[in-house]
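Note that the protein sequences, when read in sequence, are chains A and B.
Each residue of the first sequence is one higher than the last, beginning at 0 in numbering that gives the first Met the number 0.
Each residue of the second sequence is one higher than the last, beginning at 0 in numbering that gives the first Met the number 0.
Following: one structure in structure tokens, then a few remarks.
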Amino acid sequence: MNLTMLMYLIPSLIMFACGVYGFITRKNLIAILISLELMLNSVDLNFVIFNRFLFPGQLEGMFFTLFAIGIAAAETALAIAIVINIYRSIKKIDVSEITKMKF
Amino acid sequence: MESIGNIILYFVVAVIIAVFSAMAVTTRKILRAATYLLFVLLGTAVVYFQLGYEFLGAVQIAVYAGGILVLFVFSILLTQHPADPASVLANHRKFVGGLAAVCAVALLGVAVCKFPLIDGMSLTEAVSIGDLNMKQIGHFLLSSEKFGYLLPFEAISVLLLACIIGGIAIARNK
């Protein structure tokens, strides 16, 4: 039995679908961020898998994932700063309660 | 032909990733969702190790599992009582989310299966062609030649600096 590219793409596909489900159904801002991380992570995984199985001599996919991880860290830090600021001003982080831009 | 250990490792990791990502988006306790996310990220790191990208696996564990997860846990503890479960989802919301997820799986599944190169080489072959060492990664990362990544490297350092300042400015207590 060989481990082929398709077998590695399947867990990544499931991870992405779970991220989509969570992004739509969740109401808590932090839970939405967690779903977003799942989607980002599955895309990172795909870059690496394509790099390894289609172009094993090159490194583009690996470097793309490396930079994507760094950007994801920056994005999460800023998003969490915003969430904490929202919590401080209205004491809730439920998306259905956050309806005003100005606080 | 793969070694039996590689095959077992693949199935264990695939099941871990699938099960824990499903649990992370369906559990009603937010702190548990963060914990399940940790398992998914560690499973991804194992896949990176298995594919031969040891450096990337280490970065994944250090940045994602070590940094981002801690941020999540801190923000959860700061903003809500961790034992409170979220309210039960309305059925139509579940339906819309499930529909979107199923559509995503169908669309991407068809795209993946129709991909012409899907039955290319096996893992052992691919890993044996492209083995890389840390020295090579460092040279590529800091070279300005073709296939060098000096510009994105510098750009991301400016981005991270901007992110630090922005994070302080936004979360500062006025």
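Note that the Cβ used here is the ideal one computed from N, Cα and C, for glycine as well.
It should be emphasised that the depicted structure is a prediction, and the values quoted were computed from it without experimental measurement.
task: Please say whether Met14 (chain A) and Phe52 (chain A) have beta carbons closer to each other than 7 Å?
output: No.
field: Pair within 7 Å by beta-carbon distance, Ile85 (chain A) and Ser74 (chain B)
entry: It is not a contact, given that the beta carbons lie outside the stated cut-off.
- prompt: What is the C-beta distance between Lys93 (chain B) and Thr24 (chain A), in whole angstroms, given that I count them as a contact (C-beta under 8 Å)?
  reply: So it is a contact: roughly 6 Å between Cβ atoms.
query: Which one or two residues does DSSP pair with Asn50 (chain A) in a beta bridge?
result: Paired residues: none, contrary to the question.
query: Is the CB of Thr24 (chain A) under 7 Å away from at least one CB in chain B?
result: Taking Cβ atoms only, chain B reaches closer than 7 Å to Thr24 (chain A), which makes this a yes.
- prompt: When you compare only the Cα positions, how much space is there between Glu153 (chain B) and Ser20 (chain B)?
  reply: Distance between the alpha carbons of Glu153 (chain B) and Ser20 (chain B) is about 33 Å.
query: Asp93 (chain A) bridges to which residues according to DSSP?
result: Within the DSSP secondary-structure output, Asp93 (chain A) pairs in a beta bridge with A:Asn27.
query: If Ala44 (chain B) and Ala23 (chain B) are in contact, beta carbons under 8 Å, what's the gap, nearest whole angstrom?
result: Contact doesn't hold; Cβ gap of about 16 Å is too wide.
query: Does the distance from the CB of Leu2 (chain A) to the CB of Glu1 (chain B) come in under 7 Å?
result: At a Cβ-Cβ threshold of 7 Å, Leu2 (chain A) and Glu1 (chain B) count as neighbours.
query: Excluding the five sequence neighbours on either side, which residues of its own chain have a C-beta within less than 7 Å of the C-beta of Asn27 (chain A), listed in chain order?
result: Counting only Cβ-Cβ distances below 7 Å, and skipping sequence neighbours, we find Ile92 and Asp93.
message: So, for Ile128 (chain B): in the same chain, excluding its five sequence neighbours on each side, which residues have a beta-carbon less than 7 Å away from its beta-carbon?
response: Excluding residues within five positions, none has a Cβ falling inside 7 Å.
field: Closest residue to Leu160 (chain B) among A:Ala73, A:Ile97 and A:Ile31 (Cα-Cα distance)
entry: Cα-wise, what sits closest to Leu160 (chain B) is A:Ala73.
- prompt: In terms of residues, what are the limits of the alpha helix (DSSP H) holding Gln135 (chain B)?
  reply: Taken as a continuous stretch (DSSP letters only), the alpha helix (DSSP H) holding Gln135 (chain B) covers Met133 to Leu140.
task: Could you spell out the range, first to last residue, of the alpha helix (DSSP H) harbouring Thr98 (chain B)?
output: The amino acid occupying residue 98 (chain B) in the given sequence is Leu; Thr does not appear at that position. Segment Asn90 to Cys112, the alpha helix (DSSP H) holding Leu98 (chain B).
query: Does any CB atom of chain B fall closer than 7 Å to the CB of Asn84 (chain A)?
result: Cβ-Cβ to chain B under 7 Å: yes for Asn84 (chain A).
field: Between the CA atoms of Ile89 (chain A) and Val95 (chain B) - distance to the nearest angstrom
entry: Taking the straight line joining both Cα atoms gives about 29 Å.
query: Do we get a CB-CB distance below 7 Å when we pair Met14 (chain A) with the residues of chain B?
result: Cβ-Cβ to chain B under 7 Å: yes for Met14 (chain A).
message: For Thr75 (chain A), would you say it is in contact with chain B, using Cβ-to-Cβ distances shorter than 7 Å as the test?
response: Using a Cβ-Cβ cut-off of 7 Å, Thr75 (chain A) counts as an interface residue toward chain B, since at least one Cβ of chain B sits closer than that to its own.
query: How many Å lie between Leu88 (chain B) and Thr25 (chain B) at the Cα?
result: Going by the C-alpha atoms only, they are around 10 Å apart.
field: Straight-line Cα distance separating Met61 (chain A) from Ile155 (chain B)
entry: Approximately 16 Å, taken between the alpha carbons.
message: Using a 10 Å radius around the Cβ and a threshold of 16 neighbouring Cβ atoms, would you call Asn50 (chain A) buried or exposed?
response: Asn50 (chain A) should be labelled buried.
- prompt: On the premise that Thr64 (chain A) lies in contact with Leu70 (chain B), defined as a C-beta separation below 8 Å, what is that separation, rounded to the nearest angstrom?
  reply: With a Cβ gap of about 20 Å, Leu70 (chain B) and Thr64 (chain A) do not count as contacting.
message: So Leu149 (chain B) and Ile70 (chain A) are supposed to be a Cβ contact under 8 Å. How far apart are they, rounded?
response: Not really, about 17 Å apart at Cβ, beyond 8 Å.
- prompt: Is it buried or exposed for Thr78 (chain B), if we count other Cβ within 10 angstroms and need 16 for buried?
  reply: Thr78 (chain B) comes out buried.
message: To the nearest angstrom, how far is the alpha carbon of Gly66 (chain B) from that of Leu107 (chain B)?
response: If I take the Cα positions, the gap works out to 30 Å.
- prompt: Taking Cβ positions only, does Ile61 (chain A) come closer than 7 Å to chain B?
  reply: At residue 61 (chain A) the sequence reads Met, which differs from the Ile that was named. At a cut-off of 7 Å, the C-beta of Met61 (chain A) has a neighbouring C-beta in chain B.
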